[in-house]
Structure formats: C-alpha cells, structure tokens
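Chemist: After the structure tokens below, expect a handful of questions from me.
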Amino acid sequence: MSSVAVAFAPNRAPARLAFNVSLPTSRMSRQQEGKITAALRAAVDEASAVLHG
C-alpha cells in the first residue's frame with residue numbers, strides 16, 4: 333500500500349487532524365501522487381474554512 337496524508341495546520345483545526353488516501357502501490361505513480369496531494373491540500377483548505385466558519 334502507498335499512502336498520501338496532508339495534516340491540518342495546528343491553528344486551523346480543533347484537534348490534530350489529517351486527510352489520508354491509501355491505495356495499492358501498483359496503482360500509484362509519481363504523477364498520481366502529485367495529483368492526490370494537490371487534491372488533499374485543497375480539501376484541507378476547504379475543510380479548515382468550514383471548521384472555523
């Protein structure tokens with residue numbers, strides 16, 4: 333398994349949080365890793381805004 337995780341900044345979440353995606357290594361290329369990382373970062377930014385209304 334391969335995993336990509338993006339943590340929320342400590343001052344942007346009520347607790348220690350991270351978004352994580354895991355998939356079989358055979359299905360994860362470096363290009364896909366970059367796309368997943370970018371998507372997770374965007375999701376963390378959006379979720380942080382929701383958490384802090």
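Residues in the sequence shown are numbered from 333 upward in steps of one, following the numbering used here. For each residue, glycine too, the CB sits at the ideal point set by N, CA and C. Only a predicted model underlies this, so the values are computations on that prediction, with no experimental measurement involved.
1. Return yes when the Cβ of Asn-352 is within less than 8 Å of the Cβ of Ala-370, no when it is not.
2. Looking at the structure shown, is Ser-334 part of a helix, part of a strand, or coil, going by DSSP?
3. Ala-381 by DSSP, collapsed to three states: which one?
4. Tell me, please, which residues DSSP counts as bridged to Asn-449.
Modeler: The relevant details are as follows:
1. Contact: no.
2. Of the three classes helix, strand and coil, the one that applies to Ser-334 here is strand, per DSSP.
3. Ala-381 falls in the helix class under three-state DSSP.
4. With the chain represented from 333 up to 385, any question about residue 449 goes unanswered, as that position is not in the structure.
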